[in-house]
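Here is the structure we will look at.
2 protein chains.
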Amino acid sequence: MDTEHSTNPFAAGAAYVDGRITPIAKAKIPVTDWGYRRSDVTYDVVGVYHGAFFRLDDHLARFRASMGKMRLEPGESDADIARILTGLVRRSGLREAYVAMDCLRGRPAPGLPYHPAYGRAYLVCYAVPWVWLFTPEQQARGVHAIVAKTPRIAPESVDPTAKNFHWGDLTRANFEAHDAGAETAILTDGNGLITEGPGFNAFAIIDGTVVSPHQGALEGITRKTVIELCGLLDIPCEVRPLTVEAFEDADEIFLSTTAGGIMPVSRLGGRILGNDRPGPISARLRETFWARRAEGWHATPIDYDASVEPALA
Amino acid sequence: MDTEHSTNPFAAGAAYVDGRITPIAKAKIPVTDWGYRRSDVTYDVVGVYHGAFFRLDDHLARFRASMGKMRLEPGESDADIARILTGLVRRSGLREAYVAMDCLRGRPAPGLPYHPAYGRAYLVCYAVPWVWLFTPEQQARGVHAIVAKTPRIAPESVDPTAKNFHWGDLTRANFEAHDAGAETAILTDGNGLITEGPGFNAFAIIDGTVVSPHQGALEGITRKTVIELCGLLDIPCEVRPLTVEAFEDADEIFLSTTAGGIMPVSRLGGRILGNDRPGPISARLRETFWARRAEGWHATPIDYDASVEPALA
Chain Z
2 MDTEHSTNPF
12 AAGAAYVDGR
22 ITPIAKAKIP
32 VTDWGYRRSD
42 VTYDVVGVYH
52 GAFFRLDDHL
62 ARFRASMGKM
72 RLEPGESDAD
82 IARILTGLVR
92 RSGLREAYVA
102 MDCLRGRPAP
112 GLPYHPAYGR
122 AYLVCYAVPW
132 VWLFTPEQQA
142 RGVHAIVAKT
152 PRIAPESVDP
162 TAKNFHWGDL
172 TRANFEAHDA
182 GAETAILTDG
192 NGLITEGPGF
202 NAFAIIDGTV
212 VSPHQGALEG
222 ITRKTVIELC
232 GLLDIPCEVR
242 PLTVEAFEDA
252 DEIFLSTTAG
262 GIMPVSRLGG
272 RILGNDRPGP
282 ISARLRETFW
292 ARRAEGWHAT
302 PIDYDASVEP
312 ALA
Chain H
2 MDTEHSTNPF
12 AAGAAYVDGR
22 ITPIAKAKIP
32 VTDWGYRRSD
42 VTYDVVGVYH
52 GAFFRLDDHL
62 ARFRASMGKM
72 RLEPGESDAD
82 IARILTGLVR
92 RSGLREAYVA
102 MDCLRGRPAP
112 GLPYHPAYGR
122 AYLVCYAVPW
132 VWLFTPEQQA
142 RGVHAIVAKT
152 PRIAPESVDP
162 TAKNFHWGDL
172 TRANFEAHDA
182 GAETAILTDG
192 NGLITEGPGF
202 NAFAIIDGTV
212 VSPHQGALEG
222 ITRKTVIELC
232 GLLDIPCEVR
242 PLTVEAFEDA
252 DEIFLSTTAG
262 GIMPVSRLGG
272 RILGNDRPGP
282 ISARLRETFW
292 ARRAEGWHAT
302 PIDYDASVEP
312 ALA
């Protein structure tokens with residue numbers, strides 16, 4: 002779609018902000034909101050590909066679980082959220098979209114105690130054109146990564162399974178990568194175990210087995226999909242502790258995220274993996290992933306011709 | 002000032018958002034901005050009391066240092082920021098104000114790599130009516146606190162000396178306090194040492210010496226002021242490791258923050274300190290703090306009658 006010349010005011014993206022629908026350019030939050038000011042917010046992101054959500058119910062369930070862990074209770078039910086997201090994509094007309102749902106704490110009304118228990122949680126959702134965490138070119142030749150010196154925030158301090166915007170460590174690691182001429186970074190737990198990176202889960206392929214860390218990381222829905230794909234393709238797959246040494250010596254490495262699917266790594270620090278190209282098992286998983294997606298695997302199609310419910314979106 | 006019936010559109014607060022002046026109610030940031038979406042932002046807060054900033058230069062210097070640590074370089078100089086903040090307070094007419102300055106990462110423009118090195122940093126500043134972290138009543142009878150089970154985010158992951166919105170651990174600790182019938186929480190480093198709490202530094206008075214933790218906490222400007230006050234009053238003061246055991250056995254405990262000054266603690270978990278009232282040294286420090294403030298100590302008076310520079314604020 003040519004968004005620049007479209008007459009649809011939602012072509013660049015559509016948002017739902019605490020009950021109101023708005024073009025994405027006007028979707029804003031108060032600078033005084035604790036969702037920003039204390040990063041007291043959880044979120045999720047679901048992809049739309051070929052006009053259909055991927056694993057919508059899984060994302061809604063994880064979002065609800067994240068809200069529960071952070072004691073955030075907005076007024077909208079899961080069915081409401083599904084309707085809101087569908088309406089946003091429909092309004093935008095986007096066939097490939099990045100669809101976010103945030104639940105913010107708000108802040109206590111004047112007169113109430115200055116404590117998060119007195120916030121009024123509310124939702125911000127939006128659909129924008131698809132975002133690649135790494136470009137298709139980077140994915141085709143393999144991403145260049147490092148293992149960062151900055152350790153991941155410990156799960157005891159901030160629960161990584163409740164998806165959050167506490168990216169200070171991930172951003173610092175991203176700058177380490179940038180300074181080293183790489184594109185991204187994978188973080189350890191500070192005790193020699195691999196966790197995750199800025200926006201993705203990490204995998205190593207060791208002696209034919211696909212391995213992903215057992216803790217210290219988001220329970221990624223694309224990661225879950227990788228595990229299913231391994232089952233379908235008869236590739237051994239284990240979720241278990243993954244040491245930095247084993248990771249650096251792996252036969253192949255790849256990353257997974259909603260914003261990119263399965264993304265092979267061709268360089269890790271000074272090491273060139275394979276022939277500086279995606280490894281064969283990573284490439285097979287990636288190809289199978291997109292082939293299945295094209296076939297409608299785990300898809301919830303969007304009816305773009307339906308009327309948009311005025312009450313919700 | 003009666004903000005509800007004022008004809009001044011800035012009476013409830015005035016903001017500067019990336020070069021534009023707006024009433025606080027319209028001061029908003031895009032939901033897609035990494036300052037929100039990755040909490041990739043640093044900030045500072047300076048207080049205005051009796052029409053004068055307190056330690057303005059110290060806050061500006063710390064803000065600049067925080068921005069440097071996070072590689073954020075907005076276009077405004079320190080002199081620009083001082084003019085902006087002064088203009089905001091002047092417009093609001095507030096004699097007692099909470100004045101915030103944030104520097105956000107922005108996000109990479111379309112076509113640039115999806116990496117923080119390609120963001121365009123910008124400032125959001127605002128002045129709003131004074132906010133008490135704890136009410137004057139709570140301060141007079143002593144704050145009720147606990148030592149939280151949730152440990153503070155480690156400095157290796159996120160540098161606490163660059164003031165940031167990574168409050169997930171602090172919020173979780175605040176809920177622990179709420180569940181225990183207390184009002185706030187002090188966090189440890191996970192290894193038996195006291196760090197800080199949600200929005201404040203912590204102090205213990207042990208055998209007549211005022212002690213504050215040496216690391217794992219913000220280098221608070223009110224904390225710095227406490228250390229100066231101890232010097233003026235000939236009270237021994239040490240910045241050194243402070244164990245949970247020593248903290249729990251302390252003769253007195255108090256907290257310090259821009260949003261409240263010096264705030265005595267009268268209960269810590271199940272323990273009642275003194276006679277369930279602020280201790281004598283804490284009370285003396287608090288009284289001296291406010292008496293000095295009233296005398297114009299470290300004050301930068303605001304000329305409310307000056308014309309507001311249209312170019313900045």
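Chains Z and H supply the protein sequences, listed in that same order. Here the numbering used here is used: position 144 in the first sequence is 145, and no number is missing along the way. Here the numbering used here is used: position 264 in the second sequence is 265, and no number is missing along the way. Glycine included, every Cβ here is placed at the ideal spot set by N, Cα and C. Values in this document were obtained by computation on a predicted structure and should not be read as measured data.
K164(Z) touches chain H at which residues, Cβ-Cβ below 7 Å? Within 7 Å Cβ-Cβ: nothing; K164(Z) doesn't reach chain H, min ~12 Å.
Test item: CB-CB of T258(Z) and R39(H) under 9 Å: Not in contact: T258(Z) and R39(H) (Cβ atoms no closer than 9 Å).
Is the shortest distance between the beta-carbon of D45(H) and the beta-carbons of chain Z less than 9 Å? With 9 Å as the cut-off, D45(H) does not count as an interface residue toward chain Z.
What does the alpha-carbon distance come out to for the pair A314(H) and Y17(H)? For A314(H), the predicted structure reports a pLDDT of 47, less than 50, and the residue's modelled location is therefore unreliable. A value from the coordinates is still provided. Approximately 7 Å, taken between the alpha carbons.
Does D103(H) come within less than 9 Å of chain Z when only Cβ atoms are used? Interface criterion met: the Cβ of D103(H) is under 9 Å from a Cβ in chain Z.
Flag H116(H) as yes if its beta-carbon sits less than 9 Å from any beta-carbon of chain Z, otherwise no. With 9 Å as the cut-off, H116(H) counts as an interface residue toward chain Z.
I'd like to know if M264(H) contacts chain Z, where contact means its C-beta is closer than 9 Å to some C-beta of that chain. No, M264(H) lies away from the interface with chain Z (no Cβ there is under 9 Å from its Cβ).
For L113(H), the first and last residue of its enclosing beta strand (DSSP E): From DSSP, L113(H) is part of no beta strand (DSSP E); its letter is neither H nor E.
Starting from the C-beta of E184(H), find all residues in its chain whose C-beta is less than 8 Å away, skip the five residues before and the five after it, and write them out in chain order. These residues qualify, in order along the chain: F135, Q139, V144, H145, A146 and A178.
Below 9 Å between beta carbons: does that hold for A98(Z) and V129(Z)? Cβ atoms of A98(Z) and V129(Z): closer than 9 Å.
Provide the residue span of the alpha helix (DSSP H) that contains M68(H), from first to last. Taken as a continuous stretch (DSSP letters only), the alpha helix (DSSP H) holding M68(H) covers L57 to K70.
Closer than 9 Å, CB to CB, is P10(H) near chain Z or not? Using beta-carbon distances, P10(H) does not count as an interface residue toward chain Z, since no partner is under 9 Å.
Contacts of H179(H) in chain Z (Cβ-Cβ under 7 Å): Those within 7 Å of H179(H) in chain Z are H116 and A118.
In whole angstroms, give me the CA-to-CA distance for A205(Z) and T196(Z). Taking the straight line from one Cα to the other gives about 12 Å.
Going by CA-CA distance only, name the one from D81(Z), F54(Z), T223(Z) and A203(Z) that's closest to P214(Z). It is A203(Z) whose Cα lies nearest to the Cα of P214(Z).
Beta-carbon spacing of G107(H), G120(H) below 9 Å: Taking 9 Å as the Cβ cut-off, G107(H) and G120(H) qualify as a contacting pair.
N175(H): contacting residues in chain Z (beta-carbon distance under 9 Å): What N175(H) touches in chain Z, judged by beta-carbon distance under 9 Å, is H116, P117 and A118, going in chain order.
Taking only runs of the beta strand (DSSP E) that begin and end inside the segment 2-52 of chain H, which ones reach a length of at least 3 residues, in chain order? List check, beta strand (DSSP E) in window: 15-18, 21-24, 29-31 and 42-50.
Which residues of the segment 150-162 of chain Z have a Cβ closer than 9 Å to any Cβ of chain H? Give them in chain order. Listed by position, the residues of the segment 150-162 of chain Z near chain H (Cβ gap below 9 Å) are K150, T151, P152, R153, I154, A155, E157, S158, V159 and D160.
Bridge partners of T197(H), per DSSP? The question names Thr, but residue 197(H) is Glu in the sequence shown. For E197(H), which the question treats as bridged, DSSP gives the partners N202(H).
Just to confirm before moving on: does the CB-CB distance between V211(H) and E239(H) stay below 9 Å? Yes; because the gap between Cβ atoms is below 9 Å, this pair is in contact.
For G169(H), which three-state DSSP category applies? If DSSP states are grouped into helix, strand and coil, G169(H) belongs with the helices.
Output the distance between the C-alpha atoms of P1(H) and D19(H), rounded to the nearest integer angstrom. Within the shown structure, residues of chain H are numbered from 2 to 314, placing residue 1(H) beyond reach of any answer.
C-alpha distance - I236(H) paired with H60(H), whole-angstrom precision: Taking the Cα positions, I236(H) is about 25 Å away from H60(H).
Using CA atoms only, rank isn't needed, just tell me which of Y50(H), Y44(H), E249(H) and H51(H) is closest to A66(H). Minimum Cα-Cα distance from A66(H) among the listed residues Y50(H), Y44(H), E249(H) and H51(H) corresponds to Y44(H).
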